[in-house]
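A.B. asks: So that you can map any letter, position 82 of the sequence shown is 82 in the UniProt record's numbering, and since no number is skipped, the others follow by simple counting.
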Amino acid sequence: MERINTLCQRYTNLTQSDIQELCRTSAYLAESKHYEMADVFIDVFNEMTKEALVVYHKKPKHIPSLYKHEVVGKEALLKNEPGVLRTMETSLNSIGLLAVTQENRLIKQNIFPIRNEQRTIGVIIVEEGVEQPIGAVERQELQSNEQGTIAIESTFDPLIMDQLAEAVLIFDTTTGNLVLANQRAKELYRKLGYREMINDLHYDNLSLDYTTFEYVLYQMNDQTENRLIELETAYLNYYFNIRKVWIDAGSRVAMIIQDNTEVKKKEDEIVSKSVAIREIHHRVKNNLQSVVSLLRIQARRTTSKEASKVLKESVNRIMAIAMTHELLSKQVEDNVSLRQMLEAVMYNFRHIFNPEKVRLNLTVDPTITVSSDQMVSISLVVNELLQNIFDHAFEADQNGVVEVSGEIENKVITITVTDDGNGYDVNRNKETSLGLMIVNSYIKDKLKGKVKIESSNKGTKTCFYFEQNTKDVVR
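Put into structure tokens, the structure is as follows:
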């Protein structure tokens, strides 16, 4: 009892109630007169190695044990004992499966789940020796199945079945035994650790979706038309799409298994990378905010108005970039709402410049999205245009209106920034204004777009155009 408790505490996530149930089961087995001619074990799931772990062993009473050495505390590997983890995973009995012991001896196992609070917490394993070598066992099973296989070859050509990408298994509805399996099915079950040929094994020993054959027949009989069952299931570290269909006028059940493990792993990798990328964006945003804090301290300490102005403009630019990284840190998909992004830019601008006399309006089609690669470029361009307006368009106490709009046509996005201010000389400012240099550079080089600026004493209108989801090119 103490050994069970120690091993379970160290290697499993079982609760104290689960461990007590295992101890009760071991006490029952120790006193029981059942299985006096077999080695009996209790195994649990080792959370560290993801294999089965032996926590109890009762040796046979009337014959020598199959084991010469102590096995409690050792692992039962999936590749050697497939039924153990199978029963842990599915809660189904595994009867008469071949396995190999820790001492490399061939055995047959009957495996039963141990349950507590409607969960499988471990398994009881009853083992008996197999005197024949594996090859002899396989030949015997081949001979016993030869008759049934030939009987259905006329309906299912094995040569054709072996060309299929899916594993195909056909069961007799009277016995529940496997009568035909294609090459892909045999390879699949070998990969799952089955050491013997699977022909003539019962469905319950081969089920990967937690169902018994009795339940499959019940499901089939419950359907009046199109007797097809389709489901997705996880088994150990594998993912399968399984279809079951009634064939040969109900005398056979075909089970078709598609292994989606690699696809699922790729999907999980993408999700994992997406989470990592969002975390990177979050950290970049935090680092940029640290830079902003340092610049603000410097701006407060300087006595030069020109230096203070330049530092404030730099803070605004960095905050525009930080804002895009904050949005990206919250996005699951690659595309981001243009409206949401521009709202963040304008909120950031109001927060820094506090324009009491100037009203900022935003009109953007809410269905427009841009790629994450375009976000930084767009936010910087709009930020520079707004900053240019507040630097040049209005006098100190002058009221005004700034309009930012966005629309899309034929996959080309147009963003327009207009004001009703005093205007400026476009040609002269292009050469001297850092802000306009940034605008032109980002639109042409990164967004691969075009910009058009019109200005008069009635205000300024700046439009820039770019293709939706164009990749941001770094040069």
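Ideal placement from N, C-alpha and C gives every residue a C-beta, glycine not left out. The model shown is predicted, which means the values in this text are computed figures rather than measured ones.
(1) Give the list of continuous beta strand (DSSP E) stretches no shorter than 3 residues that lie fully inside the segment 333-407.
(2) Whole angstroms is fine: what's the gap from ILE408's alpha carbon to LYS264's?
(3) What does DSSP give as the partner residues of VAL451 in its beta bridges?
(4) For PHE213 and SER337, what's the separation of their Cα atoms in angstroms?
(5) Apart from the five residues on each side of it in sequence, which residues of its chain come closer than 6 Å, Cβ to Cβ, to HIS202?
(6) What three-state label does DSSP hand THR6 in the structure shown?
(7) For the segment 285-304 against the segment 367-385, do three or more pairs of beta-carbon atoms, one drawn from each stretch, fall closer than 8 Å, so that the two count as touching?
(8) Only counting the same chain, and skipping five residues up and downstream in sequence, which positions put a Cβ closer than 7 Å to that of VAL439?
(9) With burial defined as no fewer than 16 other Cβ atoms inside 10 Å of the residue's Cβ, what is the status of PRO64: buried or exposed?
(10) Measuring alpha carbon to alpha carbon, tell me which residue in LYS186, LEU78 and VAL292 is nearest residue 481.
(11) Helix, strand or coil: which one does DSSP assign to ASP268?
(12) Which residues in the same chain as GLY400 place their Cβ atom closer than 8 Å to its Cβ, once the five residues preceding and following it in sequence are excluded?
(13) Looking at ILE111: is its Cβ nearer than 8 Å to the Cβ of ILE125?
(14) Less than 7 Å between C-beta atoms, sequence neighbours within five positions excluded: which residues of the same chain meet that for GLY435?
(15) Helix, strand or coil: how does DSSP classify LYS446 here?
(16) Based on the DSSP output, what are the partners of ILE413 in its beta bridges?
(17) Closest by CA to GLU187, which one among GLU326, HIS69 and ALA167?
(18) Identify every residue that forms a DSSP beta bridge with THR418.
(19) Give the range of the beta strand (DSSP E) segment to which GLU128 is assigned.
(20) Pick out whichever of GLU313, ARG317, LEU294 and THR416 has its Cα sitting closest to the Cα of ARG339.
(21) Buried or exposed, going by whether 16 or more other CB atoms sit within 10 Å of the CB of PRO82?
(22) Quick check on the burial criterion: 16 or more other C-beta atoms within 10 angstroms. Buried or exposed for SER26?
(23) With burial defined as no fewer than 16 other Cβ atoms inside 10 Å of the residue's Cβ, what is the status of residue 477: buried or exposed?
(24) Pop quiz: GLY406 and LYS458 are said to be a contact at Cβ under 8 Å. What is the actual Cβ separation, rounded to whole angstroms?
(25) If VAL245 and LEU228 are in contact, beta carbons under 8 Å, what's the gap, nearest whole angstrom?
C.D. replies: According to the structure data:
(1) 335-337, 358-364 and 369-371
(2) Cα to Cα, the separation comes out at about 36 Å.
(3) PHE464
(4) 51 Å
(5) If we look at HIS202 and ignore the five residues flanking it on each side, its Cβ neighbours are GLY176 and ASN177.
(6) helix
(7) no
(8) VAL381, GLU384, LEU385 and VAL451
(9) exposed
(10) Past the edges of the chain, shown from 1 to 475, lies residue 481, and the structure says nothing about it.
(11) ASP268 falls in the helix class under three-state DSSP.
(12) Non-local C-beta neighbours of GLY400 in its own chain, meaning closer than 8 Å and more than five positions away in sequence, comprise LYS357, VAL358, ARG359, ALA393, PHE394, ASP419, ASP420 and GLY421, ordered along the chain.
(13) Yes, the pair counts as a contact, with Cβ atoms nearer than the cut-off.
(14) GLU384, GLN387 and ASN388
(15) helix
(16) Answer is ILE408 and PHE466.
(17) ALA167
(18) Per DSSP, the beta bridge partners of THR418 are GLU403 and LYS461.
(19) 119-129
(20) Checked all of GLU313, ARG317, LEU294 and THR416; the closest Cα to ARG339 is THR416.
(21) Around the CB of PRO82, 16 or more other CB atoms lie within 10 Å, so the residue is classed as buried.
(22) buried
(23) No answer is possible for residue 477: the residues shown for the chain start at 1 and end at 475.
(24) Actually they are not in contact, since the Cβ atoms of GLY406 and LYS458 sit about 23 Å apart, beyond 8 Å.
(25) 5 Å
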